[in-house]
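For what it's worth, my numbering labels the leading residue of the sequence shown as 201, then goes sequentially.
Yeah, the Cβ is synthetic: ideal placement off N, Cα and C, and Gly gets one too.
What follows is a set of notes on a single structure, which appears directly below.
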Amino acid sequence: MRKGADRGSVVSEKQPSGQCPAAVFSGDIDLASRGELDMVDITAGLERLVDDSGIFSGVVNVFVPGATGALTTLEFEQGVVEDLRAAIGRMAPEGLEYRHHLKWDDGNGRSHVRAALIGPSITLPLREGRIPTGTWQQVVFIELDVRPRKRKLLVQIVGTR
């Protein structure tokens, strides 16, 4: 492994003392999954938190603590959900010998691989007080663990009011 080279630059403007150009709002979405490959549309929960935040323009970041959950956007329609489940199954299939099992013997090695490939967080734009998703686009949590789990998704909204 190697550390990445510094290829970017950061530009910051000094703000007058005591002034903060951005507001930060934190909230949670609690859910109980039914287990492996359960998918939950969290769009309405995010919209409620955006309304509660009073933030008009900025970004919404959602993060799943733990190593077996993931977030994405998709058309939350049964056919697409089934297609995604099948694709995830091909990506890290059940029945393989995952080295994780040698250490923990919990049978969820594929869960960790799947979650790492999809990702534990998503950042969405916030414009005019709304997340501008497409007509057929929802924000979805995917449970990848082999058992049902209680999850607390961490939401942070940063922007201007």
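{"Asked": "Does the region 292-311 come into contact with the region 324-332, if we say contact requires no fewer than three beta-carbon pairs (one atom in each stretch) closer than 8 Å?", "Found": "no"}
{"Asked": "Confirm, please, whether the CB-CB distance from Ala232 to Val358 is below 8 Å.", "Found": "no"}
{"Asked": "In angstroms with no decimal places, state the Cα-to-Cα distance between Leu296 and Ala287.", "Found": "16 Å"}
{"Asked": "Using CA coordinates, which residue listed in His300, Pro348, Gln338 is at the minimum distance from Ile322?", "Found": "Gln338"}
{"Asked": "Rank Glu247, Phe276, Tyr298 by C-alpha distance to the C-alpha of Phe363 and give the top, closest one.", "Found": "Outside the shown range of the chain, which is 201 to 361, sits residue 363, and nothing can be said about it."}
{"Asked": "Answer yes or no: do Leu354 and Thr268 have a C-beta to C-beta separation smaller than 8 Å?", "Found": "no"}
{"Asked": "Go to Asp228, then tell me how far its beta strand (DSSP E) extends in each direction, as first and last residue.", "Found": "223-232"}
{"Asked": "Quick check on DSSP: helix, strand or coil for Thr243?", "Found": "helix"}
{"Asked": "Is DSSP giving Asp206 helix, strand or coil here?", "Found": "With a pLDDT of 42 at Asp206, under the threshold of 50, the modelled position of this residue cannot be trusted; read the value that follows with caution. DSSP places Asp206 in coil when its eight states are reduced to three."}
{"Asked": "Would DSSP call Gly319 helix, strand or coil?", "Found": "coil"}
{"Asked": "Tell me the start and end of each unbroken beta strand (DSSP E) in the region 233-314 that is at least 3 residues and wholly inside, in chain order.", "Found": "239-241, 257-263, 269-274"}
{"Asked": "Can you name, in chain order, every residue of its own chain whose Cβ lies under 6 Å from the Cβ of Asp224, other than the five neighbours on each side?", "Found": "With the sequence shown as reference, residue 224 is identified as Val, and Asp is not the correct amino acid for it. Contacts found: Val358."}
{"Asked": "Can you tell me which residues form a DSSP beta bridge with Thr360?", "Found": "Ser257"}
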